[in-house]
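Quick notes on the structure that follows.
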Amino acid sequence: MKRIVTIVGPTAVGKTALADALAVRLGGAVVSADAMQVYRGMDIGTAKAAPGECRAPLLLVDVVDPDVAYSAALYQRDARCAIDQLRAQGTPVVVCGGTGLYIRAALDDMRFPAGSQETDARRAYDDLARRIGADALHGLLRERDPESAAVIHPHNVKRVVRALEMCDEGVSYARQKEGFSTPRPYYDASYYGLTMDRERLYARIDARVDAMMEQGLLAEVEELVVHGFGADLTARQAIGYKELIDYLEGRLGLDEAVDLIKMRSRRYAKRQLSWFRRDARVHWIDLDAVSADAALELICESEGC
RNA sequence: GGUCAGAUAGCUCAGUUGGUAGAGCAGAGGACUGAAAAUCCUCGUGUCGGGGGUUCGACUCCCUCUCUGACCA
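Letter by letter, the first sequence follows residues 236 to 540 of my numbering.
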């Protein structure tokens with residue numbers, strides 16, 4: 236069975252087009268690894284490939300409605316299901332996406348403890364955090380699981396809450412994350428990271444945000460709001476959506492909101508680079524040095540296709 | 001042309017009685033096991049507009065020039 240070829244990199248670098256071209260070349264399919272493109276109806280702002288834009292089948296996009304609390308564990312289940320099915324048919328798999336955790340969840344031997352994030356426990360801990368403060372909550376974790384408390388910064392409330400949740404499930408956060416830096420592959424996969432000069436990437440991000448606005452991102456957001464885009468939804472946290480909601484509800488000017496979308500996208504790109512740079516398995520392709528077409532040839536050459 | 005107020009980090013500005021500067025934002029780096037487009041951590045040397053002077057020592061005081069803004073002609 237052929238190796239899975241994985242395309243990673245920061246937002247707006249050109250992953251989707253390259254992955255599609257590669258999948259066409261291989262006669263395979265693309266499995267998306269993007270935490271926001273899983274939501275239906277969030278198209279323009281997540282830079283989802285438009286219908287007909289991709290020639291190869293694209294999976295793991297539009298899997299749930301925006302009011303569903305999706306997660307890395309659910310993605311792991313769904314992505315592996317899709318990958319196993321493709322492989323059973325002998326279809327080559329190209330994984331492509333910018334959500335580092337989702338890629339690790341699907342392709343590495345990551346195990347999530349039993350349970351769901353839909354419990355009341357999370358809400359209870361969130362409330363507790365608001366009442367007693369971040370440091371006190373961290374103190375509570377220190378009592379219950381000192382090992383985990385030691386590896387989580389007290390201000391990182393989300394992580395502390397999750398660790399407490401895991402205590403309730405009888406699992407140690409610290410124990411779970413052991414070995415995260417030395418991954419054990421679940422599938423045989425190779426990784427290609429696309430990168431380019433920071434200035435140029437940022438210019439592309441800015442231009443893409445302007446293009447999204449021209450394509451009607453505001454109308455898309457209004458449509459979501461009409462159908463009840465609750466403040467507590469994961470999908471609401473997507474860059475480009477939360478800012479335009481702030482505009483629609485009068486908290487921001489439109490220009491201000493657009494500038495904020497650009498800034499947050501740039502920071503997001505930086506975090507993505509940080510994540511992928513840490514993974515020694517990634518072969519980096521500098522798109523300042525080679526064209527996208529040449530990058531495709533490079534990948535095909537080293538994959539023997 | 002005159003008067004006044006400014007000119008300090010990429011931007012907005014602090015800088016106490018002269019002892020060669022520091023905040024916010026931007027930016028950079030990093031972490032990351034069920035919210036991950038989330039969340040969190042770390043990082044501040046710059047001809048203090050140019051030139052001259054006073055002084056042991058000037059971002060700070062004096063002179064001068066340049067530029068910007070306001071007002072008066």
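All C-beta atoms in this analysis are idealised placements derived from N, C-alpha and C, irrespective of residue type, glycine included. Quantities reported herein were computed from a predicted structural model and do not represent experimental measurements.
Cross-strand partners of residue i (DSSP beta bridge)
i	result
Gly564	Since the first and last residues shown for the chain are 236 and 540, residue 564 lies out of range.
Tyr476	DSSP output for Tyr476 lists no bridge partner at all.
Val329	Val240, Val265
Pro418	Answer by DSSP bridge pairing: none, since Pro418 is not bridged.
Leu293	Val265
Tyr437	Looking at the DSSP assignment, Tyr437 forms no beta bridge with any residue, so it has no partner.
Tyr274	Val299
When the options are compared against residue i, the one with the closest alpha-carbon
i	options	result
Val328	Leu261, Pro389, Ala308, Ile338	Leu261
Ala441	Leu495, Ala349, Glu484	For the sequence presented, residue 441 should be read as Asp rather than Ala. The option with the nearest alpha carbon to Asp441 is Leu495.
Val273	Leu342, Leu483, Gly332	Gly332
Glu378	Ala307, Ala398, Ala359, Val330	Ala398
Arg357	His390, Val395, Tyr337, Thr326	Val395
Ala254	His390, Arg443, Ala304, Tyr426	Tyr426
Ala268	Asp481, Gly287, Asp297, Arg290	Asp297
CB of residue i within 8 Å of CB of residue j, strictly
i	j	result
Leu436	Val248	yes
Pro292	Gln507	no
Asp313	Met431	no
Gly475	Gly350	no
Val330	Phe511	no
DSSP-derived helix/strand/coil call for residue i
i	result
Ala285	coil
Asp490	helix
Ala264	strand
Val299	strand
Tyr360	helix
Asp343	strand
Val468	With the sequence shown as reference, residue 468 is identified as Leu, and Val is not the correct amino acid for it. Coil at Leu468, not helix or strand.
Tyr482	helix
Tyr182	The question about residue 182 has no answer here: the residues shown for the chain are numbered 236 through 540.
Ile387	coil
Ser500	helix
Ile279	coil
heavy atom of the ligand NAP below 7 Å from residue i C-beta
i	result
Asp481	By its list of ligands, the structure shown contains no ligand whatsoever, and the ligand NAP lies outside what it can speak to.
message = Does the contact criterion of 3 or more C-beta pairs under 8 Å hold for the region 439-454 versus the region 521-536?
response = Contact between the region 439-454 and the region 521-536 is absent: fewer than three C-beta pairs spanning the two stretches fall below 8 Å.
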